[in-house]
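Inspection log for the structure reproduced underneath, given as structure tokens.
There are 2 protein chains.
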Amino acid sequence: MTHSEENYIKTIFHLRKNGFKEVSTNAIAEQMDTKPSSVTDMVRKLSEKGLLHYKKYQGVKLTDLGQTTALSVIRKHRLWEVFLVEKLNFSWDEVHEVAEQLEHIKSEKLIDKLDRLLDYPKYDPHGDPIPDKNGNMQQLDKVLLSSCKASEKGIFVGVKNSSSEFLKYLDKIQLVLGNEIEILFKEMYDDSFQIMANGKKLVLSGKAAMNIYIQNKK
Amino acid sequence: MTHSEENYIKTIFHLRKNGFKEVSTNAIAEQMDTKPSSVTDMVRKLSEKGLLHYKKYQGVKLTDLGQTTALSVIRKHRLWEVFLVEKLNFSWDEVHEVAEQLEHIKSEKLIDKLDRLLDYPKYDPHGDPIPDKNGNMQQLDKVLLSSCKASEKGIFVGVKNSSSEFLKYLDKIQLVLGNEIEILFKEMYDDSFQIMANGKKLVLSGKAAMNIYIQNKK
DNA sequence: AATATTATTTAGACAAATCTAAAAATTTGT
DNA sequence: ACAAATTTTTAGATTTGTCTAAATAATATT
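If you read the protein sequences in the order shown, they are chains A and B.
One point on numbering: in the working numbering, the residue at position 29 of the first sequence is 36, and numbering is uninterrupted.
One point on numbering: in the working numbering, the residue at position 186 of the second sequence is 193, and numbering is uninterrupted.
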């Protein structure tokens, strides 16, 4: 598989996960910053290779082989991200770009050994689950902060958007994965939140709250 | 720079080092397992990019920019090899292929941090020197075992040929980088050597002796 | 020095991944 | 339900890196 093919498969996997049944040509094109006509060509090729189901005008769906392939690439990406943060002291907003390259290195032995070096991590630096060798991953039942009500408590376990700007913003306000969060107040006017985290009071905009996952405590 | 371009530059650097003034089209083609006509095309392109000097029918020579580029790729390759052996417990005969892929990852920060993680190694697992950020490397004044005479002593500091077969052979006879070697006898009939290494007597063929570098003790 | 051999380049083609522009199919709106 | 808007596909072109086959230049041989 080429880098490009792997990127298509990975993108289709992510798009499908985000609630689409069949993934449309335009959606793929937009996500990958390419033209719909290019997507049609590639999708046809991937279909011939048995990685996805494709019928003209009807979008695509990964086959089992396609799923497996996607999970393998995602596993590599996330393991490399952990390596970059844990072993090389990258900050969590710097790792994505480099991991995009590293995920295409072909060596099963390399990934197995990397996994062992990192002590078989279950989550990447952004809280996303890392598939194991068989493609199984441990998904926390997390909810968006924006969907929570006043007085609820939880633990900050992930971000929805991993853009560098958002991650740097979280660094600045010292909100760190694993922090306990208590919702003090929700402002209905603009959907902003007052929370207590890490012993400090914080105000989060509605936009920020829509990108923070917390694991609810009952 | 593309992977392919980097591979050409690296190959040309190595060929030139091995005693050629101008590197010929055919030599490059043979080394890279491609056709001379492909080399001509690529060499023309690299010349336009200012990485090497090229005049028709007269072979090529790297420019300063080309040298620098080659050393940068070689630095990455060798650092990754150290990482694979030291941190992931690869054996020295398994690292080359994976490092061939990793050497093309583009991130200066990554390499700087990897260098630090490994504590700024000066040599790779085969004894080859690792260029620093400025392209400087510490070349030992080593000689081939095959060029030595009886009673000479030295330290095994490198291999000329890093083929997997040769490296596995050395593993089998337990000859390890850093071992002290004493030449007991050179058999003129077939250029084989009797040596003492590691407290053990070994017989090395002329072929093996031509691929073992030792640092002479005066 | 003329000829044979070898090395190198040129010309034209191909596969991969992309693009633009136009055509066709599907979906939407009234 | 039919026209309008949108989505998707097709057709043809481009770039990169490669190839084969033929032509040309350089080198070696006698």
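All C-beta atoms, glycine included, are put in the ideal place defined by N, C-alpha and C.
In or out: ASP122 (chain B) buried (at least 16 other Cβ within 10 Å) or exposed? By the neighbour-count rule (16 or more Cβ atoms within 10 Å), ASP122 (chain B) is buried.
What whole-angstrom Cβ distance do PHE20 (chain A) and ALA77 (chain A) have, given they're in contact under 8 Å? The pair is a contact, with the Cβ atoms about 4 Å apart (cut-off 8 Å).
Secondary structure at GLU194 (chain B), three-state DSSP: helix, strand or coil? Strand.
Can you tell me which residues form a DSSP beta bridge with GLY206 (chain A)? For GLY206 (chain A), which the question treats as bridged, DSSP gives no partner whatsoever.
Are the Cβ atoms of ARG140 (chain B) and ILE81 (chain B) separated by less than 8 Å? In the sequence on display, residue 140 (chain B) carries Lys and not Arg. Not closer than 8 Å, so no.
Validate contact between the segment 98-115 of chain B and the segment 108-121 of chain A using beta carbons, cut 8 Å, 3 pairs: Judged by pairs of C-beta atoms under 8 Å, the segment 98-115 of chain B touches the segment 108-121 of chain A, as three or more such pairs exist.
Is there a Cβ of chain A sitting closer than 8 Å to that of ASN14 (chain B), yes or no? No, ASN14 (chain B) lies away from the interface with chain A (no Cβ there is under 8 Å from its Cβ).
Strictly by DSSP, which residues pair up with SER199 (chain B)? Per DSSP, B:GLU194.
Curious, which full-length alpha helix (DSSP H) runs of at least 4 residues does the segment 45-113 of chain A contain? List check, alpha helix (DSSP H) in window: 71-93, 102-109.
Would you mind sorting PHE192 (chain B) into buried or exposed? The rule is 16 or more other CB atoms within 10 Å of its CB. Burial call: exposed.
By the DSSP assignment, the beta strand (DSSP E) with TYR220 (chain B) in it spans what residues? 219-223 is the span of the beta strand (DSSP E), which, as asked, contains TYR220 (chain B).
Counting only Cβ pairs nearer than 7 Å, list the residues of chain B close to GLN108 (chain A). What GLN108 (chain A) touches in chain B: ILE112, LYS113.
Starting from the N-terminal side, write out each stretch of the alpha helix (DSSP H) that is 4 residues or longer and does not extend beyond the segment 131-192 of chain A. You should have 171-179.
Could you tell me which of A:GLY185, A:LYS167, A:GLU55, A:ASN186 sits nearest to ALA215 (chain A), measuring between CA atoms? Considering only A:GLY185, A:LYS167, A:GLU55, A:ASN186, the residue with the shortest C-alpha distance to ALA215 (chain A) is A:LYS167.
Take the Cβ of ALA157 (chain B) as the centre, count every other Cβ of all protein chains shown within 10 Å, and call the residue buried at 16 or more, exposed below. Exposed, by the Cβ-count rule.
When the Cα atoms are used, what is the spatial distance from MET217 (chain B) to SER154 (chain B)? Taking the straight line from one Cα to the other gives about 8 Å.
Are ILE118 (chain B) and LYS83 (chain B) closer than 8 Å when you measure CB to CB? Yes; because the gap between Cβ atoms is below 8 Å, this pair is in contact.
In whole angstroms, what separates the C-alpha of ALA36 (chain A) from that of GLY142 (chain A)? Near 26 Å, if we compare the C-alpha coordinates of GLY142 (chain A) and ALA36 (chain A).
Within 10 Å of its beta-carbon, does THR32 (chain A) have 16 or more other beta-carbons around it, so buried, or fewer, so exposed? Label assigned to THR32 (chain A): buried.
Express the C-alpha separation of LYS28 (chain B) and ASP48 (chain B) in angstroms, rounding to a whole number. Separation of ASP48 (chain B) and LYS28 (chain B) (C-alpha to C-alpha, rounded to the nearest whole angstrom) is 21 Å.
What does DSSP give as the partner residues of LEU211 (chain B) in its beta bridges? DSSP links LEU211 (chain B) through a beta bridge to B:PHE200.
Flag this pair as touching only if the segment 168-184 of chain A and the segment 198-216 of chain A have three or more C-beta atom pairs under 8 Å; answer yes or no. With a cut-off of 8 Å, the segment 198-216 of chain A and the segment 168-184 of chain A count as touching, because enough Cβ pairs lie within range.
Suppose the cutoff is 7 Å on Cβ atoms and the five residues either side in sequence are ignored; what does the same chain contact list for LYS149 (chain A) look like? So the qualifying residues of the chain are VAL164, GLY165, TYR220, ILE221, GLN222.
In chain order, what residues of the segment 140-164 of chain A put their CB closer than 9 Å to some CB of chain B? Hits within the stretch: zero.
With distance defined between alpha-carbon atoms, name the residue in A:PHE97, A:GLU13, A:ASP40 nearest to SER79 (chain A). Looking at the Cα atoms, A:GLU13 is the closest of the given residues.
Leaving aside the five residues before and after SER169 (chain A) along the sequence, list all residues of the same chain whose C-beta is less than 7 Å from its C-beta, in chain order. Its chain contains HIS103, HIS133 as the residues whose beta carbon lies nearer than 7 Å to that of SER169 (chain A), once the 5 sequence neighbours on both sides are disregarded; these appear in chain order.
Strictly under 8 Å for the Cβ-Cβ distance: is ASN33 (chain A) near chain B by that measure? It does not; no Cβ of chain B falls within 8 Å.
Verify the CB distance criterion: does ASN223 (chain A) have a CB-CB separation below 8 Å to chain B? With its beta carbon at least 8 Å from every one in chain B, ASN223 (chain A) lies outside the interface.
Report the option in B:LYS42, B:HIS10, B:VAL50, B:THR75 whose CA atom is closest to the CA atom of GLN65 (chain B). Closest by alpha carbon: B:VAL50.
Among residues of its own chain, excluding the 5 on either side of TYR130 (chain B), which ones have a beta-carbon nearer than 7 Å to its beta-carbon? The answer, listed in chain order, is PRO136, ILE137.
Let's see if you can read the secondary structure: which residues bound the alpha helix (DSSP H) around GLU37 (chain A)? Going by DSSP, GLU37 (chain A) is part of the alpha helix (DSSP H) stretching over 32-39.
If you draw a straight line from the C-alpha of ASN96 (chain B) to the C-alpha of GLU189 (chain A), how long is it? Distance between the alpha carbons of ASN96 (chain B) and GLU189 (chain A) is about 45 Å.
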